[in-house]
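Peer 1:
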Amino acid sequence: MAVIETRDLTKRYGDTLAVDDLSIRVEEGQVFGFLGPNGSGKTTTIGMLLGILTPTSGTFSLLGGEGRRELVEARQRVGATLEQPNFYPYLTGRQNLRLVARVKGVGEEAVARSLERVGLAARAGDRFKEYSLGMKQRLALAGTLLSDPELLILDEPTNGLDPEGMREIRRLVRRLGEDGTTIFLSSHLLWEVERVCTHVAILREGRVVLESAVDELTAGAARVAVSAPDAEALEAGIDAHPAARVVDREGALLIAELEDEDPAALNRHLAERGVHVSRLEPRKKSLEDVFHETTGSSEEPGMEEVA
Amino acid sequence: MGGIALRNEISKMIRRPAAMVTVGFMLLVAGLDFGQSWWQARESAEASFALPGAWPEIITGMAQPALIFGSVLLILLVASEFSWRTARQNVIDGLSKEAWFRGKAYLVVVLAALFLLLLVGTGGAFAAAGTDSLTSGALAPDAQQLSAMGGFLLAFMGYGGLALLVSVSVRGTGASIGVWFLYVALGERLIRTGLGALGGAAADAARYLPVQAFNSLVSYLQHDPAALGRAASQAAAAGDPPPQVWEWEVLLPVTVGWAALFFAAAFVVHRRRDL
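Chain order of the listed sequences is A and B.
Per our numbering, numbering through the first sequence is continuous, rising by one, with the last residue being 340.
Per our numbering, numbering through the second sequence is continuous, rising by one, with the last residue being 287.
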């Protein structure tokens, strides 16, 4: 079953096209990464799914619901965070969660369990305005977990967390994914998506430019990192190989992509040309490589604002 | 969902320092005013502030400040949801935009009842202290006084509806209070003058502007024909024109209509705009 399905979803702000005919499909049980450079339309898309933004055109379904009433009902079964956490500053963490619990139809024990789960139980009596950004993120996450949601939509969930906090969140997301919760994760951290997600969609200028399983994306052509005392001869040697090409550089290392996935053949070819390789190391294609190839961006994707 | 939203609204309000300060300030102002009446009655044989005769003053004497404080409190409670972005968070958490709005609309009713209770409680306590024998007859309001209470509640719905419309349109606490206050204190007067200058049907229409109509609901003379008769006699004796009140057949539909229009417009604005 498609947990999220968008069909030609479009959002326009005046002359600016934030999301352009976006069509994606997230299946039950997937941990779906939503990647894209700044302003590519990730947060706007999530905003439309959550009902805070009205699409200019196009349709979508959430947990099988599509009409206004069905979507309201479906959103009850969704846990979501969007951009920075927003709570009542004068209320404590626990009081804030109680308000969310009422909306989700769960009781005090769910509030306590959720606070425990994100490691905030000891500070639950402090007012929200006294929380650090990391604690605010944890509280937002606790809110999403209150009702054991069927679908978790997380927008930059590790933003503001320290390395240990980030690890905890990744562990939690992975565990929830293994337990069968469908997760839709928007993140600017490519390695985070690669570690956690089973599927990914890459956005550019409001359009999906790539949607696939992470394994399939990173499988692709084989890569090797090669170095030799004579770097010029090495590069010329690789260029002369019919199934190899230099795609990147890491200091003295040349990164070559091999069509035939046979590093030994490349080594033989170089040796025959008198190039003595000092290091040859097989490399897996990373999601970052795929991202840069797809978007043409030289930087990691950053966060964006909802217009 | 509207019921849950209302419960959440009450939970938020009773813990909000700004709400407590506003209610406290209203209590202080009402206490000072009713306390002064009670003190004057104690000191002067000609003045009286005892039940049941004090009910008109209790219900309508401090109605204007109650309408203003109540509306300001409502703006604080609604507009801040946009500055803190909790209105959008509420929807993300599963509350529909419609249920969110219903919660705020119910809050107007709760605040109307709260501010009426506040007036009746504060004024009633001082008047009871000045009453020689407290019988059930002295405590129970009569039909006119009940009508005045109903008038206050309806006026509050009108003022509150306008405050709600301004809050969901402007979406900032300070700016919303400013816009609301500007209209109530000045804007309508300017419109009335402008329409009056046009003459004819426009001048007639000026009579039906909202704030003017709502204010008539909290004039005790509007509710008590005997009091109106006495005021007319006094005015005639002084050579002044008689006090004017509305026909109920006109005032009721005009005020209900304006209040309904404000709520409906607020709902449409909130539903159409992105959060």
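Heads up, the beta-carbon is just placed ideally off N, CA and C, and yes, glycines get one too.
Computed from a predicted model, the values in this text were never measured in an experiment.
Using a Cβ-Cβ cut-off of 8 Å, state whether T185/B counts as contacting chain A.
Peer 2: Position 173 of the second sequence, counted from the start, is the residue given in the question as residue 185/B. It does not: the Cβ of T185/B has no partner Cβ on chain A nearer than 8 Å.
Peer 1: Please report the straight-line C-alpha distance between L79/B and E55/B, rounded to a whole angstrom.
Peer 2: For the purposes of this step, residue 79/B is taken as the residue at position 67 of the second sequence. For the purposes of this step, residue 55/B is taken as the residue at position 43 of the second sequence. If I take the Cα positions, the gap works out to 31 Å.
Peer 1: Run through chain A and tell me which residues come within less than 9 Å of S23/B, C-beta to C-beta.
Peer 2: In the second sequence, the residue the question calls residue 23/B occupies position 11. Within chain A, the residues near S23/B are L124, Q128, R131, L132 and R135.
Peer 1: When Cβ atoms are compared, which residues of the segment 74 to 104 of chain A fall closer than 8 Å to chain B?
Peer 2: Listed by position, the residues of the segment 74 to 104 of chain A near chain B (Cβ gap below 8 Å) are G80, L83, G84, I85, L86 and T87.
Peer 1: Could you have a look at K318/A and say whether DSSP puts it in helix, strand or coil?
Peer 2: Within the first sequence, the letter at position 285 stands for residue 318/A. K318/A: coil per DSSP, three-state reduction.
Peer 1: Buried or exposed for L83/A, going by 16 or more other Cβ atoms inside 10 Å?
Peer 2: As a working note, residue 83/A is residue 50 in the first sequence. L83/A comes out buried.
Peer 1: Look at the Cβ atom of T49/A, then the Cβ atom of G91/A, and state whether they are nearer than 8 Å.
Peer 2: Position 16 of the first sequence, counted from the first residue, corresponds to residue 49/A. Position 58 of the first sequence, counted from the first residue, corresponds to residue 91/A. Going by C-beta atoms, T49/A is not nearer than 8 Å to G91/A.
Peer 1: For T39/A, collect the residues of the same chain with a Cβ closer than 6 Å to its Cβ; drop the 5 residues on either side in sequence, then sort them by chain order.
Peer 2: For the purposes of this step, residue 39/A is taken as the residue at position 6 of the first sequence. Closer than 6 Å at Cβ, skipping near neighbours: L55, S56, I57 and F93.
Peer 1: Looking at S92/B: is its Cβ nearer than 8 Å to the Cβ of L132/A?
Peer 2: Walking along the second sequence from the start, residue 92/B turns up at place 80. Walking along the first sequence from the start, residue 132/A turns up at place 99. No, the Cβ-Cβ distance between S92/B and L132/A is not below 8 Å.
Peer 1: Report the start-end ranges of each beta strand (DSSP E) in the segment 117 to 202 of chain A that is 3 residues or longer and not cut off at the edges.
Peer 2: Within the segment 117 to 202 of chain A, the complete beta strand (DSSP E) runs of at least 3 residues are 184 to 188.
Peer 1: Ordered along the chain, which non-local residues of its own chain (more than five positions away) have a Cβ less than 7 Å from that of L128/B?
Peer 2: Locating residue 128/B in the second sequence gives position 116, where the first residue counts as 1. So the qualifying residues of the chain are M161, F164 and L165.
Peer 1: Would the beta-carbon of L178/A fall within 8 Å of that of R150/A?
Peer 2: The residue you call residue 178/A lines up with position 145 of the first sequence. The residue you call residue 150/A lines up with position 117 of the first sequence. Taking 8 Å as the Cβ cut-off, L178/A and R150/A qualify as a contacting pair.
Peer 1: Going along the segment 297 to 316 of chain A in order, which residues come within less than 7 Å of chain B, judged by CB to CB distance?
Peer 2: Result list empty, no residue passes.
Peer 1: Any idea what DSSP makes of G112/A, helix, strand or coil?
Peer 2: Counting from one through the first sequence, the residue named residue 112/A turns up at place 79. Note: G112/A maps to strand in three-state DSSP.
Peer 1: Can you grab the Cα-Cα spacing for the pair T134/B / L119/B, in whole Å?
Peer 2: Locating residue 134/B in the second sequence gives position 122, where the first residue counts as 1. Locating residue 119/B in the second sequence gives position 107, where the first residue counts as 1. Rounded to whole angstroms, T134/B to L119/B spans 22 Å at the Cα level.
Peer 1: Within 8 Å of any Cβ in chain B, is that where the Cβ of T65/A sits?
Peer 2: Here residue 65/A refers to the residue found at position 32 of the first sequence. For clarity, residue 65/A is Phe in the given sequence; the question names Thr instead. F65/A does not count as touching chain B.
Peer 1: To which residues of the same chain is L146/B closer than 8 Å at the C-beta, ignoring the five residues directly before and after it?
Peer 2: Position 134 of the second sequence, counted from the start, is the residue given in the question as residue 146/B. The residues are L63 and A140.
Peer 1: If you measure beta-carbon to beta-carbon, which residues of the segment 149 to 182 of chain A are closer than 8 Å to chain B?
Peer 2: Listed by position, the residues of the segment 149 to 182 of chain A near chain B (Cβ gap below 8 Å) are G176.
Peer 1: Considering only DSSP beta bridges, list what T43/A is partnered with.
Peer 2: Counting from 1 along the first sequence, the entry for residue 43/A is found at position 10. S90/A.
Peer 1: Would you mind giving the Cβ-Cβ distance between G158/A and T125/A, rounded to the nearest angstrom? I have them listed as a contact below 8 Å.
Peer 2: Working through the first sequence from its first residue, we reach residue 158/A at position 125. Working through the first sequence from its first residue, we reach residue 125/A at position 92. The Cβ separation is near 5 Å, so the contact holds.
Peer 1: Take the Cβ of P3/A as the centre, count every other Cβ of all protein chains shown within 10 Å, and call the residue buried at 16 or more, exposed below.
Peer 2: Examination of residue 3/A is not possible in this model, given that chain A is present from 34 through 340 alone.
Peer 1: V103/B versus chain A: which residues are under 9 Å apart at the beta carbon?
Peer 2: Position 91 of the second sequence, counted from the first residue, corresponds to residue 103/B. In chain order: L83, G84, I85 and R108.
Peer 1: Could you check where the beta strand (DSSP E) with G66/A kicks off and where it finishes?
Peer 2: Indexing the first sequence from 1 puts residue 66/A at position 33. Counting along the chain, the beta strand (DSSP E) containing G66/A begins and ends at V64 to L68.
Peer 1: Spell out a yes or no on whether the segment 299 to 319 of chain A and the segment 244 to 260 of chain A are touching, meaning 3 or more CB-CB pairs, one atom from each, closer than 8 Å.
Peer 2: These segments touch.
Peer 1: P237/B to E99/A, Cα distance in whole Å?
Peer 2: Position 225 of the second sequence holds residue 237/B. Position 66 of the first sequence holds residue 99/A. Answer to the nearest angstrom: the Cα atoms are 58 Å apart.
Peer 1: If you check the beta carbons only, do A124/B and M169/B fall under 8 Å apart?
Peer 2: Locating residue 124/B in the second sequence gives position 112, counting from the first residue. Locating residue 169/B in the second sequence gives position 157, counting from the first residue. Yes, Cβ-Cβ distance for A124/B and M169/B is below 8 Å.
Peer 1: With 8 Å as the threshold, decide whether the Cβ of L115/A is near any Cβ in chain B.
Peer 2: Here residue 115/A refers to the residue found at position 82 when the first sequence is read from its first residue. Output row for L115/A: interface = yes.
Peer 1: Check the Cβ-Cβ distances between F120/A and every residue of chain B, and say whether any is below 8 Å.
Peer 2: Stepping through the first sequence from its first residue, residue 120/A is reached at position 87. Taking Cβ atoms only, chain B reaches closer than 8 Å to F120/A, which makes this a yes.
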